[in-house]
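Keeping their order, the protein sequence lines are chains A and B. The numbering of the first sequence is the numbering used here, which starts it at 7 and goes up by one. The numbering of the second sequence is the numbering used here, which starts it at 44 and goes up by one. Reading through the structure tokens given below for one structure.
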Amino acid sequence: MVKEDEQKGVLRSLDWLTIAIYVALLGLGWMSVCGASYDFDQAGDVFSFSSRSGMQIVWIASSLLLGVFILSIDERIYESFSYVIYGAFLLLLLATPFLAHNIKGSMSWIKIGSFSIQPAEFAKFGTALCIARFISGFELKLNKFKNLCVCAAIVLIPMGLIVMQRETGSALVYISFFLMFYREGMPGAFLFVGVAAVFYFVVGIRFDEEPLLNLPEVSLGTYLVLTGVWLFSSVMTRVYTTLRAPFWWMFGGGLLVIVASFLFAEYVLPFDLNYALLFLVVLMILYLLYLALRERVMQYLYIALFSLGSLGFFYSANYVLDNVMEPHQQDRIKVLLGIMDDPKGVGYNVSQAKIAIGSGGLQGKGFLNGTQTKLKYVPEQDTDFIFCTVGEEEGFVGCTVVLLLFLALIWRLIHVAERQVYRFGRVYGYCVLGVFFFHVFINVGMVLGLTPVIGIPLPFFSYGGSSLWGFTILLFILLRIDAGRNRLKKN
Amino acid sequence: MADKDFHLEKRKYVLGGVAFVVILIYILRLFSLQYMNEDYKKNADSNALLKRIQYPARGAISDRNGKLLVYNQPSYDIMIVMNEAVGIVDSVDLCSSLGITMDWYHKRLDEIRDKKKNPGYSRYTQQIFMSQLSAEEFSSFQEKLFRFPGFYIQKRSIRQYGCEQAAHILGDVGEVNPDDLERDSFYQSGDYIGKQGVERTYEEKLRGVKGTEILLRDARGRIKGSYMGGKLDQAPIPGKNLTLSIDMELQDLGERLMKGKLGSIVAIEPSTGEVLCLVSSPSYDPHLMTGRQRGKNSVELSKDPMKPLMNRSIAGRYPPGSTFKTSQALTFLQEGIISPTGTAYPCSRGFHYGSLTVGCHGHGAPLPLIPAIATSCNGYFCWGLYHMMGSHKYKDVQEAMTTWKDYMVSMGFGYPLGIDLPGENRGMIPNADYYDKAYKKSWNGLTIISIAIGQGEVCLTPLQIANLGATIANRGYYITPHVVKEVQGEPLDPKYTEKHYTMVNSQNYNYVVEGMRRAVTGGTCRSANTTMYEVCGKTGTAQNRGHDHSAFMGFAPKENPKIAVAVYVENGGFGATFGVPIGALIMEKFINGKLSEASEARAREFENRRISYGDYAR
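So this is what it looks like as structure tokens:
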């Protein structure tokens, strides 16, 4: 009787909205797999189990069963057994390269009967549970350096093991846990510095060779980075210090320099605008140092150091890329960032992906009518490049619906995580939404040619059992924990 | 208990906001890719859609009696898909079925693989292995085709000829050249286009309209079926059939008669301007210009010193000789220089003026116009021209010359007549400017006297001579000669129905007709005389560096003429030697539909008469 009551309680307090989004995404995902694996020649049955769309039905059905199974288990075991689960996954990840067979250089797939599974996809929830348990274990402050180090270790160990399986993409997903750290109190500056570094590196190198508008001698990459340094520093001055005047001096003066130098180069004498910007940034650093001395406020010093560090990082990254790295390493990075054309490799994928999506137009070509994806112009179209099929067959409208559904999922998960009574649930919730966000951010960005090409699946869309099961487990454990929140309150 | 740190809880907005911004950027990016930019759509289409052209059947060509002359015959290209064939096919068996050597087989495979020679090479798509096999060559291969995986057949059509004659009229087709491609977007590399003859002039009627079939092609270039179920495909529209005005039996006779001789026969139906036969000798068998051997044969023919590829009937420039005197008589009559019966000019074995002499043969003198034409008196026409050039009617000799030139042009000389065949020559009619330049303005009728007898600067094409005959037969007008009588389902170009009147009125033509009739009954053309119908004719014996050219221009019957003929035999001697008898045979054949036994015997005799050209070979 008690059991039944409990089950009723779970059903009543289950977050049905998240489940609705999940089901909607699964449905759209299945349609995309149909589109991507359909062959004009063998215009066969999309439900046939010999086709990938047919197999995807099996994965979807088994995922739903898995979800129901997870919901029927008492959520308290996750917290109790989190370290055990984490440890078990570490062992599995450690063993994987020895058990795995090589698929395109990746040593991450273990064959069980006629199916292959990828432990890396499942290790995410183990890691999430472990870190949630650790953080919720005692009154932990994440602004303490030692605690941060332990947290980082929990994340970095599975990450390293996955890198060893040559699945860099899957490993990078673990970076998403830092979003949760941020929510749990990691100083925002950490995150900000990390984001800024990525921005400097990606933007600076990606657009290094491209000119600024009609001024051929000005490197757009350097221009954007220097503008970024100026803007970040000005805004930080506004946010972290109390005096208003320095911000206006820095922001207004900077704007004046930028506009004036641009007009001068455009109408009087063309010159490398980056010298003007470099001059501006150096001037700003000196001003900040002066303020630090005058006001005796450390924030000014930190901001000055940030600006100086930014310059140092950007120019040394450029130097390392150009002078330290071997040519083939340079090429890999350049291809990854979309600077170099590589018609046979990654560059081909991205350009064909853009063609497929672009050709979809506003309304798309219709279900099963996409030519680019069906005629195999886009490689890996049913796994990592599945979003192309959405773009080609469902057009801008379909893509927008899919992206908004993902946004809705992430927002809903924030809401779900925030309403957790225990910190364990909240931390786990943020881990889950972080993983989803990272996958969507990188996967869709890669297909659209905006982020580097990192081969990770699009949740609920990419073909395959392992990733679908992995995402389902991740999500449904959260839903189960969430469903138990009321009972915990009552007790 | 969960520690509710409200400062930290605010961070959920930062995270939610970051997600929002990322999704927003992606949506904007999608908008710019999918809505703002059409390039991707074009790229996608050129990726995936293969527009395969469906070739229309080229129009057939038949003669005026409905005999099929040119039609399409299927030929077969043998295609190979390297990926499927190499290493699998029993190459010994293959070579024996195709009648090729192993060496050739391997060489050919290397050629196909060579991207320099074959830029569109792909292992997965069909490449031409052998082209233009005839049905016979192909049939034994087809039986065994199932044993050769990776080999396919592509049907094409090539021109086939139902006759061995009329090569110059029919012309030929060949692959388009870069100029054609640039000039007309209809063509693509490898297409066929009319190169000569009516194949060229009626190219746009014959070629039809291409159809397209849109196919889906995958990333490896393999065809994956038709796009949208073939909804956008367009069926080709076949080309239009042509009916020639040529009578193939007459053409055949003409070509037989001209065997072993250089020159031309042109016959025109005066009332319509339809060309009945257009013989240029030497000719060649049109079969040589089709199929795989075309290139080789074409080079050989172009190297032949006798220039068989040149269509002498429209591109050859010849002095018309005495046939030209008819045009002079008409001009002098119309201008009142001579009167039909009153004027008689002396001729004592020629025209003598001071030290200038234009020779003539023996005949009674002085003569009036009609017998002068009949006997082809040089003296008469020289005096005529002399008087015209010196006439006080005109301000000066230049004006006289200009008037003369206008008459000539009105008779269709000096400019291309506009026949529907490529390569027509305009001939040569000098004008006052020409002589002013040549003689530094100091010239008179005597200077240019030889043009009166169709010598000197004057040059006509055989077609222009025949057209002169047609104009006289019509008593004063001609219709631009043409070889195509009908384009299927279309009215004839008005250019070929319009009457062109000369500057001479029809009464004056009657005197010339009478003169030409007298030439047949009792003058230079006696051998053309027959009791069956009244023949009118004029011989020509044109002097040139070598042996004289033999020419004849005439028509029959005298009333309601059915045929006008010009015969020009290079170095054939007197007009009466070759011109007249050949012209007579052509007239008989056309008017009676057949030759009498005696005529048939004569035809055979002429067929076997050869003229030795040697040094005069042109």
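Just so you know, even glycine gets a beta-carbon here, dropped at the ideal spot from N, CA and C.
Check                                                                                                                        : Outcome
As assigned by DSSP and simplified to three states, the class of M546/B                                                      : coil
8 Å contact criterion, which A42/A and I392/A should meet: CB distance rounded                                               : 6 Å
I416/B beta carbon less than 8 Å from that of T369/B                                                                         : yes
CB contact below 8 Å: E424/A versus chain B                                                                                  : yes
Residues of the region 533-549 of chain B whose Cβ lies closer than 8 Å to any Cβ of chain A, in chain order                 : none
Coarse secondary structure for G316/B, derived from DSSP in three states                                                     : coil
Whole-number beta carbon distance between L464/B and N354/B, since they are thought to touch under 8 Å                       : 7 Å
Within 8 Å, strictly: CB atoms of N329/A and G210/A                                                                          : no
Secondary structure, alpha helix (DSSP H): runs of 4+ residues fully inside the region 271-336 of chain A                    : 279-301 and 304-325
Short CB-CB distance (under 8 Å) between V16/A and chain B                                                                   : no
Under 9 Å (Cβ pairs) to chain A, residues found in the region 197-208 of chain B                                             : none
Sequence-distant residues of its chain with Cβ nearer than 8 Å to L259/B (five each side left out)                           : A91, L92, L93, I266, K267, G268, S269 and Y270
Nearest-angstrom Cα separation, counted from M452/A out to K130/A                                                            : 22 Å
Contact list for G59/B against chain A, beta-carbon separation under 8 Å                                                     : I416, W417 and I420
Y28/A versus L178/A - alpha carbon distance                                                                                  : 24 Å
Simplified DSSP assignment, three categories, for T584/B                                                                     : strand
Under the three-state DSSP convention, the category L169/B falls into                                                        : Just to set this straight, residue 169/B is Gln in the shown sequence, not Leu. Here Q169/B sits in coil by DSSP.
Cutoff 8 Å: K150/A Cβ touching any chain B Cβ                                                                                : no
Contact between the region 487-500 of chain B and the region 239-257 of chain B (3+ Cβ pairs under 8 Å)                      : no
For S324/B, three-class secondary structure by DSSP                                                                          : strand
8 Å Cβ cutoff, Y84/A in contact with chain B                                                                                 : no
One or two residues paired with K198/B in a DSSP bridge                                                                      : Y119/B
Nearest neighbour of Y44/A, chosen from L485/A, S59/A, N108/A and A30/A [CA to CA]                                           : S59/A
Beta bridge counterpart(s) of M471/B as assigned by DSSP                                                                     : C502/B
Nearest to I291/A (by Cα), restricted to the options S316/A, L275/A, C405/A and R189/A                                       : S316/A
Per-residue contacts from V450/A into chain B (C-beta, under 7 Å)                                                            : Y69
Outcome for L506/B when other beta-carbon atoms lying within 10 angstroms are tallied against a minimum of 16                : buried
First and last residue of the uninterrupted alpha helix (DSSP H) at E631/B                                                   : G622 to N635
8 Å Cβ cutoff met for M332/B and S341/B                                                                                      : yes
Three-state secondary structure assigned by DSSP to L287/B                                                                   : strand
Residue ranges of each alpha helix (DSSP H) within the region 138-202 of chain A, 4 or longer                                : 151-170, 174-178 and 183-189
Chain-order list of residues whose beta-carbon lies under 6 Å from that of L152/B (same chain, five-residue window excluded) : none
Residues bridged to T400/B [DSSP beta-bridge criterion]                                                                      : H395/B
Local Cβ density within 10 Å of F456/B, reported as buried at 16 or more and exposed below that                              : buried
Whether R166/B touches M125/B by CB criterion (8 Å)                                                                          : yes
Status (buried if at least 16 other CB within 10 Å, exposed otherwise) for V39/A                                             : buried
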